[in-house]
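Numbering (the numbering used here) for the sequence shown: 671 to 855. Just below is one structure, and these are the notes that go with it.
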Amino acid sequence: AEITRCWPAMAGMNYDRLESRGLQWPCPDKEHPGTAVLHENMFPRGRALFTAITWKGPDEAPDEEYPLVLSTGRVLYQYHTGTMTRRSKVLEESAPGPYVEINPEDAEVLGLVDGEIVRARSRRGRITLPVRITDKVHRGMVFMPFHYKEAAANLLTNDALDPKCKIPEAKVCAIRIEKMTEAVA
């Protein structure tokens with residue numbers, strides 16, 4: 671209720687209206703039906719403002735020593751570092767642990783077998799986890815969810831910062847995958 675007094679775009683909202691049929695803001699008064707599609711006809715200042723930028727590649731590219739590009743991300747059944755979702759038996763059964771996905775062609779070159787334990791190594795760290803061989807990732811790339819503390823993917827990622835917004839480059843870095851029999855401490 672407090673926000674309806676502070677923000678005119680929600681002045682027409684109250685719990686009864688929200689619970690009976692839902693409302694989309696802006697809803698400036700009690701007679702307003704709510705806004706089905708925000709900016710359906712026009713943006714507040716007229717046309718949408720787009721700014722062209724020059725693309726800049728990642729800070730770290732694959733090379734001979736670290737030939738694969740790691741992309742980290744989420745899985746449907748876990749949330750962030752799993753501090754809440756990993757306590758749920760149902761969610762944990764659906765997504766029980768860490769893994770790294772690799773393309774079948776890359777797996778063949780490395781002599782990997784689906785499900786075997788491998789070491790993923792970057793210039794910043796290393797983790798041990800099972801490999802999943804799948805064509806869901808392109809050749810030269812691997813995917814790893816970051817939810818699992820027992821194989822924390824972010825130990826591998828690059829902490830290079832975007833020069834303008836200072837966001838770390840945590841979604842892409844160069845790594846290598848090693849068979850455990852060949853892995854060096």
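Beta carbons: idealized from backbone N, C-alpha and C, even for Gly.
Where the alpha helix (DSSP H) through residue i begins and ends
i: Pro774; result: Pro774 to Leu780
i: Arg691; result: Tyr685 to Arg691
i: Thr674; result: Glu672 to Cys676
C-beta atoms of residue i and residue j nearer than 8 Å
i: Ala844; j: Thr827; result: no
i: Asp729; j: Ala822; result: no
i: Lys726; j: Gly781; result: no
Residue i in three-state terms, based on DSSP
i: Cys764; result: The sequence shown places Ser at residue 764, not Cys. Reduced to three states, the DSSP call for Ser764 is helix.
i: Leu831; result: strand
i: Thr721; result: coil
i: Thr798; result: strand
i: Glu771; result: strand
Contacts around residue i, its chain only, beta-carbon distance under 7 Å, and the 5 residues preceding and following it disregarded
i: Gly795; result: Leu825 and Leu826
i: Pro737; result: Arg846
i: Pro678; result: Pro698
i: Phe720; result: none
i: Ala681; result: Thr674, Pro698 and Asp699
i: Arg791; result: Ile845, Arg846 and Glu848
Cβ neighbours of residue i in the same chain (closer than 6 Å, five flanking residues each side left out)
i: Met683; result: Thr674, Leu693 and Cys697
i: His702; result: Gly682
Boundaries of the beta strand (DSSP E) in which residue i is found, first to last residue
i: Glu848; result: Val842 to Lys849
i: Thr804; result: Element bounds for Thr804: n/a, residue is neither H nor E.
i: Gly743; result: Leu738 to Gly743
i: Ala790; result: Ile787 to Arg791
i: Val812; result: Met811 to Pro815
8 Å Cβ shell around residue i - same chain, five flanking residues per side excluded
i: His808; result: Asn773
i: Pro800; result: Gly767, Pro768, Tyr769, Val770, Gly785, Glu786, Ile787 and Val788
i: Val745; result: Ala765, Pro815 and His817
i: Pro732; result: Leu738, Val739, Gly810 and Ala844
Whether or not the segment 733 to 745 and the segment 809 to 829 are in contact is what I'm after, with contact meaning three or more pairs of Cβ atoms, one per stretch, closer than 8 Å; do they touch? yes
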